[in-house]
Amino acid sequence: MNTGFNQDLRFGESDPSAQLNLRYRHNNLDLFGMLNYWKWDLNSLRNDEQSNYLPTDRGVLSIMQETHSRNHYKNNGLDYNLGVNWQIAENHSVGARIQRNDRFNATTDLMVETDIERQPLQEKEHNYSTQDEHRHTFYNWEGNAYYNGKVGKMGIDLNMDFLTDKTNGLQNWC
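At the far end of the sequence shown sits residue 187, using the numbering used here, and the numbering has no gaps.
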């Protein structure tokens with residue numbers, strides 16, 4: 014008789030998370046589960062400069078463009094799954110896994126600012142825009158079931174997957 018129980022607890026630092034994995038095996042039956050809490054808080058800043066020179070009837074038109082952007086994304090969630098694998102016989106096994114992924118109040122805050130200068134026309138343009146986005150995922154389920162086996166010399170590998178999700182989002186542009 015082959016029986017075993019295994020647990021695994023992990024912590025992350027750069028993208029904080031805590032994950033607990035559980036596995037139980039008895040003879041030809043595997044039961045497993047996972048619980049994972051995670052949090053993302055990402056900031057990105059970007060500065061770009063672009064210069065274009067276009068020949069015209071009056072000389073060369075110079076277009077200088079500077080763009081500054083900031084993107085701040087925050088989200089946290091809880092993922093958990095349960096599954097089973099069963100080796101029925103030497104050449105026949107089945108299994109299934111179901112997972113739920115909860116996302117709590119994801120937010121994105123984006124700002125883009127652009128300055129454009131056209132010479133020798135002495136034209137200047139300033140553009141500024143922001144976007145706020147808030148999303149809440151009510152549910153996100155995914156699953157998989159499989160059969161792997163052999164009938165005579167013919168190998169069978171059947172997999173079925175599903176995914177369903179409901180998310181509400183609100184975007185504000187300025």
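Glycine included, each C-beta is placed from N, C-alpha and C at the ideal position.
Are the stretch 54-70 and the stretch 78-91 touching, with three or more C-beta to C-beta distances below 8 angstroms? Touching, yes, given that three or more Cβ pairs across the two stretches are closer than 8 angstroms.
Where the beta strand (DSSP E) through residue 63 begins and ends: For the purposes of this step, residue 63 is taken as residue 50 along the sequence shown, with counting starting at 1. Element bounds for residue 63: 42-69.
Residue 137: first and last residue of the uninterrupted beta strand (DSSP E) it sits in: Counting from 1 along the sequence shown, the entry for residue 137 is found at position 124. Its beta strand (DSSP E) spans residues 136-164.
Examine the Cβ distances between the stretch 157-172 and the stretch 91-106 and report whether three or more of them are shorter than 8 angstroms. Taking a contact to require three or more Cβ pairs closer than 8 angstroms, the stretch 157-172 and the stretch 91-106 qualify as touching.
Cβ neighbour criterion (16 or more within 10 Å) applied to residue 116: Within the sequence shown, numbered from 1, the residue matching residue 116 stands at position 103. By the neighbour-count definition (other C-beta atoms within 10 Å, threshold 16), residue 116 is a buried residue.
CB of residue 98 within 8 angstroms of CB of residue 43, strictly: Position 85 of the sequence shown, counted from the first residue, corresponds to residue 98. Position 30 of the sequence shown, counted from the first residue, corresponds to residue 43. Yes, these two residues count as a Cβ contact at 8 angstroms.
Whole angstroms are fine: how far does the CA of residue 41 sit from the CA of residue 14? Indexing the sequence shown from 1 puts residue 14 at position 1. Indexing the sequence shown from 1 puts residue 41 at position 28. In this prediction, residue 14 has a pLDDT of 45, which is less than 50 and means its spatial position is unreliable; nothing more can be read from the coordinates.
Could you pull the DSSP bridge partners for residue 92 from this structure? The residue given as residue 92 occupies position 79 in the sequence shown. Paired residues: 49 and 114.
Separation of residue 127 from residue 153, as counted between CA atoms: Looking up residue 153 in the sequence shown gives position 140. Looking up residue 127 in the sequence shown gives position 114. If you draw a straight line from the Cα of residue 153 to the Cα of residue 127, it is about 38 angstroms long.
Considering residue 170, what are the terminal residues of the beta strand (DSSP E) in which it resides? Looking up residue 170 in the sequence shown gives position 157. Note, residue 170: beta strand (DSSP E), 167-186.
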